[in-house]
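>
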Amino acid sequence: MNAYRNRTSSQDTAVTVIGLGPMGQAIANTLLTAGHAVTVWNRTAGRADGVVAAGAKRAKTPREAVGASGLVLLSLTDYEAMYDILDGTADALAGRTLVNLSSDTPERTREAAAWATRHGATFLTGGVMTPAPMVGTEAAYVYYSGPGEVLKRHLPTLTLLGTPKHLGEDPGLAQLMYQAQLVVFLSTLSALMHATAMLGTAGMRAEQALPELLSAADSIGDIFRAGEERPGAALDAGEHPGHLSTVTMMGATSDHIVDTSTALGLDLGLPLAVQAHYRHAIENGHGRDNWTRIIDGIRAPR
């Protein structure tokens, strides 16, 4: 990553950033620090004040923003916002590369890529897997999908944001990976809050509970790897050996969590959802299999 940061041949490349929430601002500032000429536009013009003070050019209209650069980065709420902003500039998109870093569904992403192509633009999907303060650091990485040669063409610039990981030509792949990562992230956050609420009923403050709970969350990856030399290989092979843990054992634990949460008067949305996975597997005769067997019910819900 540093090798790209130390290159100067691309530092004068013009880049447009549309959408200046925390992520868009972090992206614009990272590019400015690297020496790029950056043009910005945002519906709420005042959000551009900070990056304009740092050296960015404020475009008066989306058309002006698109016309200023061959590389246009979009950091918006969803893909509908892209259409709202760019529909009136469609004739100006020809020859541009659009990199949409916004969240939406994979299918809407594929539709957007086709829309861009119809207007003569090339399109990359991006999923930034880091919070805004970490953009441009060694810890940052970004999933991309779409034409590999397009990513390669803009690699020095895009690497400034985070290590690029190209998943393939299908524009929906990066969006799918982004959503998959967020499943893990959001579910873990909800689990941490549920667990904190459980302990809080006994008078334990969050500042006491969370260090212990975070340690448990941190250990999950190590536990998974300890059970399988190549995580995912057994799943791909349809194998669920129950020598370490079984659906029945984990299901009993989920029952206890539901019972405890019920007794404590807590919301049951999360515990019941987890319990349902194990009950489905047991009902289908897989109680002796490894807990990974719950994936069958997730793939084909009742």
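Counting in the working numbering, the sequence shown runs without a single skipped number right up to 984 at its last residue. All C-beta atoms in this analysis are idealised placements derived from N, C-alpha and C, irrespective of residue type, glycine included.
(1) Find the nearest neighbour of residue 875 within the set 760, 866, 888 and 884, judged by alpha-carbon distance.
(2) From residue 735 to residue 706, what distance separates their C-alpha atoms?
(3) Over what stretch of residues does the alpha helix (DSSP H) that includes residue 913 continue unbroken?
(4) State buried or exposed for residue 902, treating a residue as buried only when at least 16 other CB atoms are found within 10 Å of its CB.
(5) Going by DSSP, what residue range makes up the beta strand (DSSP E) through residue 847?
(6) Is the CB-CB distance between residue 976 and residue 959 below 8 Å?
(7) Quick one: grab the DSSP three-state call for residue 739.
(8) From which residue to which residue does the alpha helix (DSSP H) around residue 711 run?
(9) On the criterion of 16 or more Cβ atoms from any shown chain inside 10 Å, does residue 778 qualify as buried, or is it exposed?
(10) Quick check: the segment 798 to 809 against the segment 850 to 858, are there 3 or more CB pairs under 8 Å?
(11) Of the residues 803, 864, 950 and 929, which one's Cα is nearest the Cα of residue 965?
(12) Alpha carbon to alpha carbon, what distance is there between residue 814 and residue 702?
(13) Just mark residue 963 as buried or exposed, buried being the case when its beta carbon has 16 or more other beta carbons within 10 Å.
(14) Quick check on residue 719: does DSSP put it in helix, strand or coil?
(15) Please report the distance separating the alpha-carbon of residue 983 from that of residue 780.
(16) Could you check if residue 715 is buried or exposed, using at least 16 other CB atoms within 10 Å of its CB as the buried criterion?
(17) Would you give the residue range spanned by the beta strand (DSSP E) that residue 806 belongs to?
(18) Determine the burial state of residue 710: buried for a count of at least 16 other Cβ atoms within 10 Å of its Cβ, exposed for fewer.
(19) Give the straight-line distance between the Cα atoms of residue 868 and residue 860, rounded to the nearest whole angstrom.
(20) Below 7 Å CB to CB, which residues in the same chain sit around residue 704 once its five sequence neighbours on both sides are set aside?
(21) Can you look up residue 872 in the DSSP assignment and give me helix, strand or coil?
(22) Please report how far the alpha carbon of residue 896 lies from the alpha carbon of residue 759, in whole angstroms.
(23) Within this structure, are the beta carbons of residue 954 and residue 873 separated by less than 8 Å?
(24) Please say whether residue 729 and residue 771 have beta carbons closer to each other than 8 Å?
(25) Mind checking whether residue 733 and residue 698 have CB atoms under 8 Å apart?
(26) Among the residues of its own chain, which have a CB less than 7 Å from the CB of residue 899, if the five just before and after it don't count?
(27) Under a three-way DSSP split, which group does residue 772 fall into?
(28) Going by beta-carbon coordinates alone, are residue 756 and residue 783 separated by less than 8 Å?
(29) Grab me the residues of residue 775's own chain with a C-beta within less than 8 Å of its C-beta, minus the 5 sequence neighbours each way, in chain order.
With the given structure in hand:
(1) Position 193 of the sequence shown, counted from the first residue, corresponds to residue 875. That would be 888, whose Cα lies nearest to the Cα of residue 875.
(2) The residue given as residue 735 occupies position 53 in the sequence shown. The residue given as residue 706 occupies position 24 in the sequence shown. Looking at the two C-alpha atoms, the distance is approximately 15 Å.
(3) Taking the first residue of the sequence shown as position 1, residue 913 is located at position 231. Where residue 913 is concerned, there is no enclosing alpha helix (DSSP H), given that its DSSP letter is neither H nor E.
(4) Start at 1 with the first residue of the sequence shown, and residue 902 comes out as number 220. Exposed.
(5) Counting from one through the sequence shown, the residue named residue 847 turns up at place 165. Element bounds for residue 847: 845 to 848.
(6) Walking along the sequence shown from the start, residue 976 turns up at place 294. Walking along the sequence shown from the start, residue 959 turns up at place 277. Yes, they are a contact pair.
(7) Sequence index remark: in the sequence shown, residue 739 carries index 57 (1-based). Residue state, collapsed to three classes: strand.
(8) The residue labelled residue 711 in the question sits at position 29 within the sequence shown. Residues 704 to 715.
(9) Locating residue 778 in the sequence shown gives position 96, where the first residue counts as 1. Counting Cβ neighbours within 10 Å, residue 778 comes out buried, since at least 16 surround it.
(10) yes
(11) Numbered from its first residue, the sequence shown carries residue 965 at position 283. Checking every option, the nearest Cα to that of residue 965 belongs to 929.
(12) Working through the sequence shown from its first residue, we reach residue 702 at position 20. Working through the sequence shown from its first residue, we reach residue 814 at position 132. About 11 Å.
(13) Here residue 963 is taken as the residue at index 281 of the sequence shown, counted from 1. Under this definition residue 963 is a buried residue.
(14) The residue labelled residue 719 in the question sits at position 37 within the sequence shown. If DSSP states are grouped into helix, strand and coil, residue 719 belongs with the strands.
(15) If you number the sequence shown from 1, residue 983 lands on position 301. If you number the sequence shown from 1, residue 780 lands on position 98. Looking at the two C-alpha atoms, the distance is approximately 37 Å.
(16) Along the sequence shown, read from residue 1 onward, the residue named residue 715 stands at position 33. Its Cβ having fewer than 16 others within 10 Å, residue 715 is exposed.
(17) For the purposes of this step, residue 806 is taken as residue 124 along the sequence shown, with counting starting at 1. Run containing residue 806: 804 to 810, per the beta strand (DSSP E) assignment.
(18) Position 28 of the sequence shown, counted from the start, is the residue given in the question as residue 710. Flag for residue 710 reads buried.
(19) Counted from its first residue, the sequence shown places residue 868 at position 186. Counted from its first residue, the sequence shown places residue 860 at position 178. Cα to Cα, the separation comes out at about 12 Å.
(20) The residue you call residue 704 lines up with position 22 of the sequence shown. So the qualifying residues of the chain are 814.
(21) On the sequence shown, position 190 is the one that residue 872 refers to. Reduced to three states, the DSSP call for residue 872 is helix.
(22) Locating residue 896 in the sequence shown gives position 214, where the first residue counts as 1. Locating residue 759 in the sequence shown gives position 77, where the first residue counts as 1. Going by the C-alpha atoms only, they are around 29 Å apart.
(23) Stepping through the sequence shown from its first residue, residue 954 is reached at position 272. Stepping through the sequence shown from its first residue, residue 873 is reached at position 191. Result no, Cβ atoms of residue 954 and residue 873 do not sit closer than 8 Å.
(24) Mapped onto the sequence shown, residue 771 falls at position 89. Mapped onto the sequence shown, residue 729 falls at position 47. Contact: no.
(25) One-based indexing of the sequence shown puts residue 733 at position 51. One-based indexing of the sequence shown puts residue 698 at position 16. No.
(26) Stepping through the sequence shown from its first residue, residue 899 is reached at position 217. Hits under 7 Å: 870 and 874.
(27) Sequence index remark: in the sequence shown, residue 772 carries index 90 (1-based). If DSSP states are grouped into helix, strand and coil, residue 772 belongs with the helices.
(28) To locate residue 756, count along the sequence shown from 1; it is residue 74. To locate residue 783, count along the sequence shown from 1; it is residue 101. Cβ distance < 8 Å, so residue 756 and residue 783 count as in contact.
(29) The residue you call residue 775 lines up with position 93 of the sequence shown. For residue 775, where only same-chain residues beyond five positions count, the Cβ hits under 8 Å are 748, 768, 798, 801, 802 and 803.
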